[in-house]
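Residue numbers (the numbering used here): 546 to 1726. Everything below concerns the one structure shown next.
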Amino acid sequence: MSTYNPNFVPPAHAPMPLNGNNPVNGVQGSVQQQPGPPPGQHYVPQKQPQQFQQPPPAAAFPGGGAPGNLAPPQQFNSGIANQFLPPTSGTATPLQQLPPSTLPPHLRPPTVNGPPLTNGSNGASSANSSRTASPRPVGAAPQYAQGPIAAALNNPPLASGLRPSPQPTNQSLANLTSNLGNLNLNTTRANGGTSVVPQQQYPPLTQKDGRGVASAQTGPPQFNDANSLLAASGGAAPVVPNSMATPFSGQRPPNLVPNPAKIFGSASVPGRPTPSPAAQRIQYGVPPPTNPEQQSQQNNNLQQAPPPPRVGAVWPPSLANAAAPGAQPMLPPAQQPLQSYPYSQAYPPAPQQQPQPPQSAVQAPPPGMFGAQPTGAPLQYQAQAPPQAYGQQPQQPPQTAPGGPYGTTAPLNVAQQGFSRLWGQDTIDLMQNRHILSPATLPPPKVVLHNQFHESINCSPSIMRCTLTKIPESNSLLQKSRLPLGIVIHPFRDVNSLPVIQCINIVRCRLCRTYINPFVYFVDSKMWKCNLCYRVNELPDDFQFDPATKTYGDVTRRPEVRSSTIEFIAPSEYMLRPPQPAMYLFLFDVSIIAQQSGYLEAACAVLNRHLDEMPGDARTQVGFICYDSFVHFYSMAEGLNQPHEMTLLDIDDPFLPRPDSLLVNLKECKELVRDLLKQLPKRFAHTHDPGSALGAALQVAFKLMQASGGRITVFQSCLPNKGPGALEPREDPNNRSAKDVAHLNPATDFYKRFALECSGYQIACDLFLMNQQYSDMATISGISKHSGGCVHHFPLYQKTKPHMVESFRSCFKRYLTRKIGFEAVMRIRCTRGLQVHTFHGNFFVRSTDLLSLPNVNPDAGYGMQISYDESLSDAKTICFQAALLYTNSEGERRIRVHTVCLPVTASLPEVMHSADTEAIIGLLSKMAVDRSVASNLSDARDAFINATIDVYNAFKIAQNLPSGQSGQLIAPRSLALLPLYILALLKHPAFRVGTSTRLDDRVYAMDCMKTLPLDQLMKYVYPELYKIDALIYHARNSNISSNQEDDEDEDEPLPELPRLQLSAEHLDSRSIFLMDCGTLIMIYVGLNVPPDVLEAVLGISSTAELGDYVYGLPNVVSNENDVLKRFILRLNYDKPYSALVQIIRDTSTAKGQFIERLTDDRSESSLSYYEFLQHIRAQVK
């Protein structure tokens, strides 16, 4: 079938030049650029029926005389050529009567330098429907193809499998092989056969990296041109418009000119030719051909196919932002030629909208280096084409366009791709984009309300985020999307600027009790319509008074309707009793294991140092209880000059010996409290009691606190084994890596019942577990989970480990000095038609939508799942409102209100494209913890995978993608990171199997999944990896400039470092890397880091001076060290407390802690990221 385009009509004023620069062959983007021969090898051209009289000029081809930069010939429209060619006749014009042609042989006019060709525009005969490079005698074999693989197609194999030698032969053809196992490009022949592009062997090369270090290289040479680089990988190389070269110097038809401005909606004038920029006609660094032999060699390269990469070689290395969209072939859908790509290149890489950088600025790293990042699949995962029998038609994937409506053969143009990305509805093939993580930290997805004021004042995503930024209008539409609907909330987050209002009447809806907010509708100055239940309510007269300006006026100027996060000072009707004072009670484990760990000394020292910084007022009270096999009380009654100790021996029926002097006023008895804190570590230093009566200590603590409520802080270092709530060891150390994890549920309900009893009296319990051995956290952590408390875990704590002592001190300091809310309750309200059906976090559910929080702290996060009561078809937007009523440490009753507004949609594709991946991960992790406890860990892991498969199946149906295995995994941009995070969850200590994990560590990790705010949770699940070489170079450059100008700016902004995916392929032995895991920052030092860098950053001359376990960044007087400290401070800015810094050298025994966090790589018991994608793709039907 003819591949000519009958619809292609050039402008009438565009003549066809005869100097080789024609609008047919000079269009970039229709075919692939093919690399030239490597240095040291030459291709001897085959003898053509017509000969060149002189070498054509270098401007005829992109690349001049540089091998590897030649554009192969293209198929063109016969109708175009016939308009510019002279009439043909049956007799050829003599060659001596015409000037020599510089066109390639297969594109020469019929009367120039060759016999005439028959016009095949009517398509009546297959022999006349394509133009060949030379006339074919009657009875000769037809020429089936043109371009880079014409030589392979025009010589069909013999029946015996042998190929006749061309006439004449040359040395390059003798070097070709016919190994079908290395086949990377199959081309269909007319008779059903397959032409084989043989593999070319390359000699070893020597290449220097950016530092000037030579590295041996065996394999294909490095290419400066992105097209030739991708073509050498054996894949379908997208044609990149090269800013340094263009194949024509004149004009070309406008419909073949790729116009980047179309991305932004600018339309070009139809029918007007677009001249090429003058800069594109300059060939920098490319010498022109100097002799006819070199030009002939280039012409012969047009008939050669690119050699496939060596099996096992890391090839091709990536070129950052090197691929740019080129012009597509102007063929109707019915005549689109089917192209065969290797497995890793089933689709061309997604086009980039940035202009092509100069070739001198794009340097490909040498193969095998850590910096190499192939854009497609790793070579070991690329499927080799199986050998095809003669006459068998090879299977080819459907030709579609990346980011467009898949299932059609017409590719998207640049404007459509630009608009899809602008509207947030572009897609991506995850199989072709392994490096999917954005180098920059992406902001949360924007909520589009089509109201600029509402969008600007919507609730901050750091406080409340929904898993969907567009809510489905019905439950059936939500079920089709297979996405979870819920919100994650950080209600008591530290806010820099929080409006606080004190008024007599707090305006609320009379029906649903919603607080007035910016998204209500004002009927007039006296009436407003609730945005949740749609009831019309009256406004009080004093609402028209603006407290900011002290005047009466417009109601829309009130702070309540200008801020979605606001705090009210509650009047007396919001109090059931007078506000309680701040009450703190500390329980210390003083058993022999606790004394050996030495935690008590550090805890008392921190408490003594920050005693004045604890939240509270003049009524603040404090008390202390110690316990081993017995319970020890400390009375600090008035008149005593030192604390008085009392020991309770009957732990089975505990009681309070002196309830009036065990809790004392902190301000009045501060000196006694300080004296006690100094004596406690020495008091039990020589005891050898192995018992731990935790249950009895909790019972007396409850009796002591039930009158007023407050906070109980428990320090535990071993398994409770005495009195009420005694436990037995349940963990089997030999079964820590089993697939079926047992004992995730509590062994007894004693601690849960105690927590629920505390919750009724506004008492919260916080737990610090400093265990040396198994302590059954699954059971004893119930005192915090059901009372609104928090859990902190420091496994294997020892006072001889300075890093653990420092980490505990930082955490305990934050715990003592952070703000706190007492006797709190929180209610989540939804627009009519929605309701909250499941809560996640540490609390007690008092009613269907009311959470009891005896204590609320700024480091606690919560999650809620949302369900439908009725359809939302009549609503354009919906709202969620969280109201937190609490008593602050000064005894003031306050209400903090957060309101978020989201649009409603009836479109399934819009729902899929509006997904918030991080919020989905936050909600799924909480759901998986409940699934692990209620069922088993295997079910939770399967639920992760099934959720991913269901989402991509739903998107495939929503986009009408073709079914069956096509080698693609198409995902919306909004869900592109979902498999990456799901795999990280599967490898996290909370859910991993096959790796030895202590049971207490697993339970604590699960507790963090349920209670961490979303920003901290994402770093806990998928740490951030940076290469800090740019910081060092920035520091050196700024140091030089400051020395020259004598004006050093301390506030100079730091460079933005790109985030790297967690894979060892990014590691380099000559660089330093930093991994931010939240509470821990690891600095990985390569083995070959230059000594001057080590001296400036770490104060050492060699990595051998680093020990196996080094913590803390040393103080070095250097600009590089100061810049690194500033970068770490920036990372710690939004954290509750500064992270511990650990320095790991390449050969350290602690390297395993760093390597196990590289979740993209394969391990003994888990898949790599690409293998996980393959598994997901195989399940998506």
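C-beta atoms are modelled at their ideal positions from N, C-alpha and C, and glycine is treated no differently.
The Cβ atoms of valine 1218 and leucine 1156 lie closer than 8 Å to each other.
The alpha-carbon of proline 1399 is positioned some 23 Å away from that of valine 1474.
Annotated three-state conformation of tyrosine 1654 is coil, per DSSP. Per the DSSP secondary-structure output, asparagine 1082 pairs in a beta bridge with Trp1073. Where phenylalanine 998 is concerned, the enclosing alpha helix (DSSP H) starts and stops at 997 to 1002. In the same chain as asparagine 1316, and ignoring 5 residues on each side of it, the C-beta atoms closer than 6 Å to its own belong to Ser1262, in chain order. Annotation for threonine 1376: no beta strand (DSSP E) segment contains it, and DSSP assigns it neither H nor E. For serine 1693 against aspartate 1653, the beta-carbon gap comes to about 5 Å, under 8 Å, which counts as contact. Proximity to aspartate 1691 across Asn1666, Val1655, Val1725, Glu1709 peaks at Val1655, based on C-alpha coordinates.
The shortest CA-to-CA distance from asparagine 1076 to any of Ile1527, Leu1599, Arg1476, Thr1444 is the one to Thr1444. In the three-state reduction of the DSSP assignment, glycine 1031 falls in the strand class, which pools E and B. DSSP places glutamate 1105 in the helix class (H, G or I) of the three-state scheme.
Taking the Cα positions, glycine 1240 is about 20 Å away from histidine 1288. Below 8 Å, too few C-beta pairs join the stretch 1432 to 1443 and the stretch 1378 to 1393 to call them touching: fewer than three. In the three-state DSSP reduction, glutamine 1687 falls in the strand class (E or B).
Segment contact: the stretch 1406 to 1416 against the stretch 1027 to 1035, three or more CB-CB distances shorter than 8 Å; contact assigned.
Collapsing the DSSP output to three states places glutamate 1610 in a helix. The C-beta distance from leucine 1599 to arginine 1671 rounds to 6 Å, short enough to meet the 8 Å contact threshold.
Bounds of the beta strand (DSSP E) holding alanine 1428 are 1422 to 1432. In the structure shown, leucine 1272 falls within a coil segment according to DSSP collapsed to helix, strand and coil. With contacts defined as CB atoms closer than 8 Å, alanine 1147 and lysine 1344 qualify as a contacting pair.
The beta-carbon separation of arginine 1275 and alanine 1252, rounded to 36 Å, does not stay under the 8 Å limit for a contact. In this structure threonine 1012 is in contact with aspartate 1461, their Cβ atoms being roughly 6 Å apart against a cut-off of 8 Å. DSSP places isoleucine 1515 inside the beta strand (DSSP E), whose first and last residues are 1515 to 1517. With a 10 Å radius around the Cβ and a threshold of 16 neighbouring Cβ atoms, leucine 1557 comes out buried. When the five nearest sequence neighbours on each side are left out, the beta carbons in the same chain lying within less than 6 Å of the beta carbon of serine 1352 are those of Leu1685, in order along the chain. Glutamine 1318 has its alpha-carbon roughly 17 Å from the corresponding atom of leucine 1145.
Bounds of the beta strand (DSSP E) holding isoleucine 1308 are 1308 to 1314. Distance between valine 1538 and cysteine 1356, taken at the CA atoms: about 29 Å. Out of Asp1394, Asn1402, His1382, Lys1364, the CA that lies nearest to the CA of glycine 1333 is found in Asn1402.
Contact annotation: glycine 1168 and leucine 1207 have beta-carbon atoms nearer than 8 Å. Annotation for methionine 1457: the continuous alpha helix (DSSP H) segment containing it runs 1453 to 1458. In this structure, leucine 1396 lies away from phenylalanine 1037, with their beta-carbon atoms at least 8 Å apart. Taking leucine 1185 as the centre and dropping the five residues before and after it, the same chain places the C-beta of Leu1217 closer than 8 Å to its C-beta, in chain order. According to the DSSP assignment, cysteine 1446 belongs to the beta strand (DSSP E) that extends over 1438 to 1450. Exposure of leucine 1194 is indicated by the presence of fewer than 16 other C-beta atoms within 10 angstroms of its C-beta.
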